[in-house]
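Notes follow the structure.
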Amino acid sequence: MELQSYVSQILEDIKNNGMPAVKKYSKQFDNYDGDIKLKVEEWDIGEEIPTQDKEVIERTIQRLENYHLKQKTEDILYSNEYNSTYGLINRPINRIGIYVPGGKPLPSSLLMVAIPAKIAGVKEMLITSSPKDGVINPYIIYIAKKLGIKEVYKIGGIQAIAAMTYGIGMKKVDKIFGPGNQYVNEAKRQVFGEVGIDSLAGPSEICVIADETAKPEYILNDLLSQLEHGYESRSFLVTTSKELYEFCERKGIERYLFKSMEDCANKTNEIAPEHLEIMTKDPESVLPLIQNAGAIYLGDYTPVPAADYFLGVNHVLPTGGAARFSSVLNLSDFTKKISIAKVSKEELLKERYLGIRMAEIEGMYQHKKSMEVRK
1 MELQSYVSQI
11 LEDIKNNGMP
21 AVKKYSKQFD
31 NYDGDIKLKV
41 EEWDIGEEIP
51 TQDKEVIERT
61 IQRLENYHLK
71 QKTEDILYSN
81 EYNSTYGLIN
91 RPINRIGIYV
101 PGGKPLPSSL
111 LMVAIPAKIA
121 GVKEMLITSS
131 PKDGVINPYI
141 IYIAKKLGIK
151 EVYKIGGIQA
161 IAAMTYGIGM
171 KKVDKIFGPG
181 NQYVNEAKRQ
191 VFGEVGIDSL
201 AGPSEICVIA
211 DETAKPEYIL
221 NDLLSQLEHG
231 YESRSFLVTT
241 SKELYEFCER
251 KGIERYLFKS
261 MEDCANKTNE
271 IAPEHLEIMT
281 KDPESVLPLI
291 QNAGAIYLGD
301 YTPVPAADYF
311 LGVNHVLPTG
321 GAARFSSVLN
331 LSDFTKKISI
341 AKVSKEELLK
351 ERYLGIRMAE
361 IEGMYQHKKS
371 MEVRK
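Note that UniProt numbering gives residue 108 to position 108 of the sequence shown, counting from 1, and the numbers run on in steps of one.
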């Protein structure tokens with residue numbers, strides 16, 4: 001069955017039939033038909049992870065917090081010559097859902113979403129994740145507890161997106177975050193409007209710009225690392241070095257050889273990669289040439305996997321060329337900007353002719369009267 005129609009039918013079934021439909025699909029796809037909300041006694045599973053791993057998580061949390069705290073912005077309010085006030089104020093989204101894949105659990109992605117959300121002031125967060133043999137991955141549970149997330153649900157796939165959107169077995173969310181497979185992506189696309197979504201994440205991508213000074217072993221291993229994400233993942237090498245071009249001839253690596261760094265940058269902007277590494281003699285000089293990339297990593301010691309896990313920069317990035325118009329996940333994704341205006345009598349009476357004439361042009365005569373009636 002065609003993907004769009006298939007997902008639509010499941011969403012409609014769950015919307016109309018509620019929890020019985022959620023459990024039906026959980027049984028079908030995850031072989032689980034128990035209670036979907038994590039029970040009190042199940043939270044203890046998170047404590048079973050090794051002490052060393054708890055320390056790794058703690059240190060990673062600190063690094064992510066340090067980076068994202070610097071993204072906090074103040075409200076913008078200003079007065080003009082009429083003593084009127086204008087501006088923008090920030091308000092956090094009240095309630096978000098974080099989808100964490102269960103088949104191949106990604107605790108790092110949970111960290112990347114939950115930490116900036118917490119810093120932005122999101123009041124309520126929940127996690128949905130497919131159980132394996134009826135159990136949620138202990139690392140996900142440990143991180144949830146560590147970050148003060150009190151709701152974890154044992155559901156994945158289309159049914160998780162539906163439950164979060166329609167409020168089935170839980171209070172509905174305002175926005176959904178987190179990566180998933182093609183079915184999850186399509187479900188997110190279809191529910192957008194009833195809830196917000198972060199993005200439609202596609203297969204992982206890496207592009208490396210390199211010259212003859214780059215270390216071939218570094219480049220090759222970085223390119224191969226992204227192919228671990230799956231057969232649809234893409235790796236691009238854009239280089240001025242014939243030697244490096246030949247060295248990186250491997251299945252799955254798309255290679256481009258150019259004569260100038262400007263040509264390399266032009267090709268990279270055309271690709272608009274999720275991750276971009278620049279390993280050249282002077283990477284900072286190449287940076288101004290780059291317009292389209294989800295994240296840019298400069299120099300020999302900033303490999304993508306380090307950013308994926310512990311540097312502190314966010315690894316939730318636009319894919320599939322979306323870096324042409326989309327940004328890395330950041331604090332603004334968890335807030336709303338609300339415009340503010342308090343107009344003085346003097347300004348309204350002096351400047352309202354602008355609005356009155358525009359209302360006349362548009363034929364909106366009650367709009368005109370709303371402004372004219374004020375004395």
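Every residue, glycine too, gets a C-beta built ideally from N, C-alpha and C.
Taking C-beta separations shorter than 8 angstroms and ignoring five residues to either side along the sequence, the partners of E249 in its chain run R255, following chain order. Counting every other CB atom within 10 Å of its CB across the protein chains shown gives P50 a total below 16, marking it as exposed. In this structure the region 174 to 182 lies against the region 96 to 104, because at least three pairs of beta carbons, one per stretch, are closer than 8 angstroms.
In the three-state reduction of the DSSP assignment, K369 falls in the helix class.
By alpha-carbon distance to N31, the top candidate from V135, P318, I127 and K123 is V135. Excluding residues up to 5 positions away in sequence, T280 and K281 lie with their Cβ nearer than 7 angstroms to the Cβ of T213 in the same chain.
Take F247, set aside five residues on each side of it, and the residues of its chain with a beta-carbon closer than 7 angstroms to its own are P216 and L220, in chain order. Judged by beta-carbon spacing, V152 lies beyond the 8 angstroms limit of I168, meaning their Cβ atoms are not closer than that value. A distance below 8 angstroms between beta-carbons, with the five flanking residues on each side excluded, links Q226 to the following residues of its chain, in chain order: S204, E205, I206, S233, R234, S235, H275 and V304. Contact check for S130 against G157 passes: the beta carbons are separated by less than 8 angstroms. A distance below 7 angstroms between beta-carbons, with the five flanking residues on each side excluded, links E194 to the following residues of its chain, in chain order: T165. Here DSSP, grouped into helix, strand and coil, assigns G87 to strand. Distance check between L77 and each of G87, K70 and Q71 places G87 closest, using alpha-carbon atoms only. Using a Cβ-Cβ distance cut-off of 8 angstroms, the region 183 to 191 and the region 102 to 122 are not in contact, since fewer than three pairs of beta carbons, one from each stretch, lie closer than that value. Sorting F192, V113, A163 and T268 by C-alpha distance to the C-alpha of A210 places T268 at the top. For I115, the CB contacts under 8 angstroms within the same chain, skipping 5 residues up- and downstream, are I61, L64, E65, H68 and L147 in chain order.
Nearest Cα to H229 within the set V122, D308, N83 and I14: D308. Taking the Cα of S84 as reference, the smallest distance to any Cα among Q291, G299, K242 and K345 is reached at K345.
M279 carries a strand assignment under DSSP once its states are collapsed to helix, strand and coil. Take K242, set aside five residues on each side of it, and the residues of its chain with a beta-carbon closer than 8 angstroms to its own are L257, in chain order. Note on geometry: alpha-carbon atoms of E81 and E347 lie some 9 angstroms from one another. In this structure, DSSP gives P203 a state outside helix and strand, which the three-state scheme calls coil. Taking the C-beta atoms as reference points, A265 is found nearer than 8 angstroms to L289. The C-beta of I340 has fewer than 16 other C-beta atoms within 10 Å across all chains shown, which makes the residue exposed.
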